[in-house]
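Participant: I'd like to ask some things about the structure below.
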Amino acid sequence: MYRYADIIIDIALSSLDRPFSYHIPDNLCGKVETGMRVIVPFGQGNTRKKGYVIALKETTDYDPSKVKDILEIAGDAVTMEEQQVELAAFIKKNFGGTMNQALKVVLPAKAQVKKLLFREVERTMNRDELISLKGEALRKHQNAKLKLLDALLEQETIPYEWITGKLGVSGPTITSLQKAGALKINSVTKYRNPVHLDEENEEKKHLSPAQQLIVNEVEKDIESENPGKYLIHGITGSGKTEVYMALVEKVIARGQQAIFLIPEIALTYQTLVRFFRRFGNRVSVMNSTLSPGEKYDQCMRAAKGEIDIVIGPRSALFVPFPNLGMIVMDEEHETSYKSEQTPKYHARVVAEELARMTGAALVLGSATPSLEAYSKAESGEYKLFELTERLTGGTLPNVSVVDLREELKSGNRSIFSRRLKSLIKDRIEKNEQVMLFLNRRGYSGFISCRACGEVIKCPHCDVSLSEHYGGKLMCHYCGYETKKPETCPKCGSKYIAGFKAGTEQIEQMLLKEFPGVKTLRMDADTTKTKDSYEKILSAFSNEEAQILVGTQMIVKGHDFPKVTLVGVIAADISLGSSDYRAAERTFQLLTQAVGRAGRGTIAGEAVIQTYQPDNYAIRFSACQDYKGFYEEERTYRKMLGYPPAAHMMAVQILGPDRDAALSLSERLAEAAKADVAAKLVPVLGPTPAAIGKIKDLYRFVIYIKAERYDILVQVKDILEQNLLASPPSREYIMFDFDPVNMI
Ligand code: ADP
Ligand code: ZN
Ligand code: ZN
75 MYRYADIIID
85 IALSSLDRPF
95 SYHIPDNLCG
105 KVETGMRVIV
115 PFGQGNTRKK
125 GYVIALKETT
135 DYDPSKVKDI
145 LEIAGDAVTM
155 EEQQVELAAF
165 IKKNFGGTMN
175 QALKVVLPAK
185 AQVKKLLFRE
195 VERTMNRDEL
205 ISLKGEALRK
215 HQNAKLKLLD
225 ALLEQETIPY
235 EWITGKLGVS
245 GPTITSLQKA
255 GALKINSVTK
265 YRNPVHLDEE
275 NEEKKHLSPA
285 QQLIVNEVEK
295 DIESENPGKY
305 LIHGITGSGK
315 TEVYMALVEK
325 VIARGQQAIF
335 LIPEIALTYQ
345 TLVRFFRRFG
355 NRVSVMNSTL
365 SPGEKYDQCM
375 RAAKGEIDIV
385 IGPRSALFVP
395 FPNLGMIVMD
405 EEHETSYKSE
415 QTPKYHARVV
425 AEELARMTGA
435 ALVLGSATPS
445 LEAYSKAESG
455 EYKLFELTER
465 LTGGTLPNVS
475 VVDLREELKS
485 GNRSIFSRRL
495 KSLIKDRIEK
505 NEQVMLFLNR
515 RGYSGFISCR
525 ACGEVIKCPH
535 CDVSLSEHYG
545 GKLMCHYCGY
555 ETKKPETCPK
565 CGSKYIAGFK
575 AGTEQIEQML
585 LKEFPGVKTL
595 RMDADTTKTK
605 DSYEKILSAF
615 SNEEAQILVG
625 TQMIVKGHDF
635 PKVTLVGVIA
645 ADISLGSSDY
655 RAAERTFQLL
665 TQAVGRAGRG
675 TIAGEAVIQT
685 YQPDNYAIRF
695 SACQDYKGFY
705 EEERTYRKML
715 GYPPAAHMMA
725 VQILGPDRDA
735 ALSLSERLAE
745 AAKADVAAKL
755 VPVLGPTPAA
765 IGKIKDLYRF
775 VIYIKAERYD
785 ILVQVKDILE
795 QNLLASPPSR
805 EYIMFDFDPV
815 NMI
């Protein structure tokens, strides 16, 4: 029985790090819960103070005669900070981890505010001087300089990252214009409005009927004090951002504030600029690169009512607005919305809870909605809106699917099919650009037959087996093990192997096939250093290379109007990964990749190379049929009990000693089984994780599936109690609810 509680007094942030021990009196025994607000006597004078229970204990480390009693459980009035703490309690309860960890997620620490925040470029010449420099650049064919000069003619100050990012102009070009006296580089202390237009602000677009309908519907709900949850399904360029801005404007006009979530700042810089243009200095940015002090500063500005909108990745959810009216979540399907550190919360789930607590509307948007969001739209929990037309022109590319088995049959063992090869040749001759995309995810050892395309799968789980050291194949869901076959079990071919082609090999083969062609490569290796990502993109945008080879990094963000061909080297690589979300991820990536071709005026083409041309993820992405894909995928998830049809919890056990980690894993699996057996909830494992050892820590995983989320929470609580009762010496345990990546 818990008789003591660790309590954080009030909310004075500096005291967060020091919990105080209190005794739970008989009348409150069993009623005090973690995350609860209580009233306690504090200090010499025993003044009544509010506190937050962050942990329950059976004993106390202090002299029991000196530990004071909790007076009562606090009433219900919710202040702003209390709202944040409630959110922390929600996160702790639903995603695991300690209250301290959850509090750290929601409450920015007070710290020294660091000054420098970002750089901007300011023009230091008048128009005539700039125009004469432009003439010179034109004569010398200095494309990058021309672009920057044009931008400087348009606006006085420009954010540095925007120049190196969206504009695609490299640092040395900026420096050379600085030397010429055309500009200077300022360090700016605040993330203020980065765009200062000479004359006008972003003009409001006259909304299309489809856009207007969304705005009207959402506004109607808000006006009748009945804000709902909405999903906008619309391809890139269909006008979603314009709708978000119109909605946010309505919310601000009502005296409320809005949170605008984006997956990553770097990839969505243009969206930021549009918000700044439209809403000026009432916009702020929350960013993972901000120091704790800067984050704190942004939160204080929000609390004081100095800003109306905060834009940022998932941490922007925790900016404490006094009267939150709307949460927008753009590109809601992105996996970066799930935290990879304990507590592994999903921003969509927390956004739903925050919307419930505050009465704010929740607007999600995506070109390829997650199964989670779309199924909620189907069930009516979200209102669904569709935007089907591109407003900027540019047509969807012509997509062909190439069967690599046929290539092998005709004696072509190269990683380029004949069709892709001839199209690349054509683009090189026409001086247009090509993007070649290789999905490296799940590359680690899935085995397929190169003659018939058969992927070796687990007989119990319908996921592909992964190759392990010593010619063993394993299932990471159930632990099934088998020897790697010598020949294909379906057709008997001996061409059975893991697909081994990295971006580097592709680049080398391009040079062999097309001597002298200029290529750029973008993957985890070439983007290790700061800015390298932007540098590669701006080099490609400046046409310093004709072909960009890369991993999934290249399919997001920037538009390249000269790209008229996109090639997907082997679509199967992502399908083969031993992950129930493999098909969904493949569909999203292929749809995005295909969409990269033909953003300019010239029609584009895309080639998807695959061993499984009949696979539904490939078929539906080739014809850009989201609904078709959704229907099949949902059926598959239902049949096998994967999210969103059911919920799943992964318990990860890490430890330096293999046997100890394994026996702890077994103990936890037993504890889970003992509790859930009556409810017939499957407990799978323990099994070694996909990567069995990282940095000398052995990794095991247990998967538990249940239709009801609260059952998983119960199991988590039981496991936490089990661990508390007999704490492991050197092992860590992590919970992951509805994981987006398999462990
Ligand atoms: P998404 O967010 O779906 O990619 P955007 O809102 O960015 O779409 O719109 C794509 C492009 O179309 C942008 O350049 C935007 O300025 C333009 N646009 C959006 N709505 C309209 C409209 N109603 N009339 C004219 N242009 C529009
Ligand atoms: Zn075969
Ligand atoms: Zn299995």
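75 is the number of the first residue of the sequence shown in our numbering; add one for each residue after it.
Just so it is clear, CB atoms sit at the ideal spot from N, CA and C, and this is done for glycine as well.
Going by CA-CA distance only, name the one from 772, 548, 802, 811 that's closest to residue 782.
Facilitator: Nearest option by C-alpha distance: 811.
Participant: Is residue 193 closer than 8 Å to residue 261 when the C-beta atoms are compared?
Facilitator: yes
Participant: Spell out a yes or no on whether the stretch 721-731 and the stretch 800-816 are touching, meaning 3 or more CB-CB pairs, one atom from each, closer than 8 Å.
Facilitator: yes
Participant: Keeping to the same chain, check which residues put their C-beta closer than 7 Å to that of residue 786; ignore five residues upstream and five downstream.
Facilitator: 721, 723, 778, 780, 811
Participant: Any idea if residue 200 is buried or exposed, counting beta-carbon neighbours within 10 angstroms, 16 or more meaning buried?
Facilitator: exposed
Participant: Is residue 280 near ligand 1, in the sense that its beta carbon is under 7 Å from a heavy atom of that ligand?
Facilitator: Yes, since a heavy atom of ligand 1 falls inside the 7 Å radius drawn around the Cβ of residue 280.
Participant: Taking the alpha-carbon positions, what's the residue 77 to residue 129 distance?
Facilitator: 11 Å
Participant: State yes or no: is the C-beta of residue 507 within less than 8 Å of the C-beta of residue 636?
Facilitator: yes
Participant: For residue 597 and residue 513, I'd like the C-alpha separation in whole angstroms.
Facilitator: Linking residue 597 to residue 513 through their CA atoms gives a straight-line distance of about 10 Å.
Participant: Could you give the DSSP three-state label for residue 190: helix, strand or coil?
Facilitator: Reliability fails at residue 190, whose pLDDT of 46 lies under 50, so the model's placement of it is uncertain and the value that follows must be treated cautiously. DSSP, read as helix, strand or coil, puts residue 190 in coil.
Participant: Residue 94 to residue 796, Cα distance in whole Å?
Facilitator: 24 Å
Participant: How is the beta strand (DSSP E) around residue 410 delimited, first residue to last?
Facilitator: Unbroken run through residue 410: none, as it is neither H nor E.
Participant: At a threshold of 7 Å, does residue 240 count as lining ligand 1 (C-beta to nearest heavy atom)?
Facilitator: Short note on residue 240: C-beta not closer than 7 Å to any heavy atom of ligand 1.
Participant: Taking 8 Å as the threshold (C-beta atoms), are residue 657 and residue 705 in contact?
Facilitator: Going by C-beta atoms, residue 705 is not nearer than 8 Å to residue 657.
Participant: So what does DSSP say about residue 348, is it helix, strand or coil?
Facilitator: Residue 348 falls in the helix class under three-state DSSP.
Participant: May I ask you to report which of helix, strand or coil DSSP gives residue 274?
Facilitator: Any reading at residue 274 needs caution, since the residue's pLDDT is 46, under 50, leaving its predicted position unreliable; the model's value is listed next. Residue 274: coil per DSSP, three-state reduction.
Participant: Kindly indicate which three-state DSSP category residue 77 falls into: helix, strand or coil?
Facilitator: coil
Participant: Give a single yes or no on whether residue 707 has its beta carbon closer than 7 Å to a heavy atom of ligand 1.
Facilitator: Not so, every heavy atom of ligand 1 lies at least 7 Å from the Cβ.
Participant: Where does the unbroken beta strand (DSSP E) through residue 638 begin, and where does it stop?
Facilitator: 637-642
Participant: Given the structure, does residue 316 come close to ligand 1, in the sense that its CB is under 7 Å from one of the ligand's heavy atoms?
Facilitator: True, at least one ligand heavy atom lies under 7 Å from that Cβ.
Participant: Which two residues bound the contiguous beta strand (DSSP E) that contains residue 684?
Facilitator: 679-684
Participant: Measure the Cβ-Cβ separation of residue 424 and residue 391 and say whether it is below 8 Å.
Facilitator: The beta carbons of residue 424 and residue 391 sit closer together than 8 Å.
Participant: How big is the Cα-Cα spacing for residue 680 and residue 712?
Facilitator: Straight-line Cα distance between these residues: approximately 32 Å.
Participant: Tell me the rounded alpha-carbon separation between residue 615 and residue 634.
Facilitator: 6 Å
Participant: Within 10 angstroms of its Cβ, does residue 820 collect 16 or more other Cβ (buried), or is it exposed?
Facilitator: Coverage of the chain is limited to positions 75 through 817, which leaves residue 820 absent and any answer about it impossible.
Participant: What three-state label does DSSP hand residue 654 in the structure shown?
Facilitator: coil
Participant: Is residue 125 helix, strand or coil when you go by DSSP?
Facilitator: strand
Participant: Alpha carbon to alpha carbon, how far is residue 284 from residue 754? Give it in angstroms, no decimals.
Facilitator: 47 Å
Participant: When every heavy atom of ligand 1 is checked, does at least one fall within less than 7 Å of the C-beta of residue 310?
Facilitator: yes
Participant: Near residue 75, what residues of its chain come up, given a Cβ to Cβ distance below 6 Å and the 5 sequence neighbours on each side ignored?
Facilitator: none
Participant: How long is the line joining the alpha carbons of residue 352 and residue 322, rounded to whole angstroms?
Facilitator: 11 Å
Participant: Just mark residue 379 as buried or exposed, buried being the case when its beta carbon has 16 or more other beta carbons within 10 Å.
Facilitator: exposed
Participant: Can you name the start and end residues of the alpha helix (DSSP H) that residue 291 belongs to?
Facilitator: Taken as a continuous stretch (DSSP letters only), the alpha helix (DSSP H) holding residue 291 covers 283-297.
Participant: Please confirm if the stretch 463-479 is in contact with the stretch 662-678, defined as three or more CB-CB distances below 8 Å between the two stretches.
Facilitator: Under the three-pair Cβ rule at 8 Å, the stretch 463-479 counts as touching the stretch 662-678.
Participant: Does DSSP put residue 855 in a helix, in a strand, or in coil?
Facilitator: In the structure as shown, the chain starts at 75 and stops at 817, and residue 855 therefore has no counterpart that could be examined.
Participant: Count the other CB atoms within 10 Å of the CB of residue 259; is the residue buried (16 or more) or exposed (fewer)?
Facilitator: exposed
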